[in-house]
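These notes concern the structure reproduced below.
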Amino acid sequence: MDYLGELKKELESIFLDFKLALLKIRTGKPSIDDLKILKVRAYESEMELKDLATFLVEGMVINVNVFDRSILGNVVSALQSQSSSLGATVSSDGVSVKLKFHPLTEEERVNKINQLSKLEESFKVRMRLKRQDTNSKIKSDKTLREDDRENLLSEVQRTLDNFVEQVSKLADEKKAQIKEG
């Protein structure tokens, strides 16, 4: 059985969930990164906004220029559904979309950083639980030789460490953005 491949797949899924959860924590200043992976219903499928538009940041405003005006309404709807978590007001002139951002107060910054720290830890715990499940499966697999089992357990730990490090890195970047914002 491909224990490592299965673990990587599960950890990648958790990591993607973490990235999406980060989108819901606003930093107080405009960030195109928060918009790029926003899903928009277009051309009979779900597409990322980065594939449908260009972005221009001007101070506390992001201009979103959609390539195809026929999907402008869908883009506006997707942005409006996220406007409160983004901390922005969405408006459209029929050609492009503007997101006007509102700065965070100091109290909001502290709350956002605390929220982010809790979120970060909860995702790390989810990853560690997947490691624990994988380790249990490996240890109970009687078809593995002892040295193969130990090598596999070491590789599982290295894989987990890599994903946990990625989560920490993203969380630290987001915390820095919140502090700057």
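Sequential numbering of the sequence shown, starting at 1, is according to this note's numbering.
Every residue gets a Cβ at the ideal spot worked out from N, C-alpha and C, and that includes glycine.
Note that the structure is a prediction, hence the values are computed from the model and not measured.
Ends of the alpha helix (DSSP H) at Arg26? From DSSP, Arg26 is part of no alpha helix (DSSP H); its letter is neither H nor E.
Closest by C-alpha distance to Val110, when choosing among Glu46, Glu146, Ala176: Ala176
Have a look at Ala88, Val95, Lys169 and flag the residue whose alpha-carbon is nearest the alpha-carbon of Glu121. Lys169
Leu52 and Val40 closer than 8 Å at C-beta: yes
Excluding five sequence neighbours on each side, which residues of the same chain lie with their C-beta closer than 7 Å to the C-beta of Lys98? Val61, Asn63, Ser91
Using alpha carbons as the reference points, say which of Lys50, Ala21, Glu10 lies closest to Lys118. Ala21
Consult DSSP for Lys142 and reduce its assignment to one of helix, strand or coil. coil
Taking the beta strand (DSSP E) that Val75 belongs to, which residues open and close that run? Taken as a continuous stretch (DSSP letters only), Val75 belongs to no beta strand (DSSP E), being part of the alpha helix (DSSP H) at 72 to 86.
Hey, would you say Phe15 sits closer than 8 Å to Phe163, going by beta carbons? yes
Whose C-beta lies closer than 7 Å to the C-beta of Lys137 among residues of the same chain, with five residues either side of it excluded? Tyr3
Which whole-angstrom value describes the C-beta separation of Leu7 and Thr159, a residue pair presumed to lie in contact below a C-beta threshold of 8 Å? 6 Å
Could you compute how far the alpha carbon of Ser85 sits from the alpha carbon of Asp147? 49 Å
Here's the rule: buried if 16 or more other CB atoms are within 10 angstroms of the residue's CB, otherwise exposed. What is Leu116? buried
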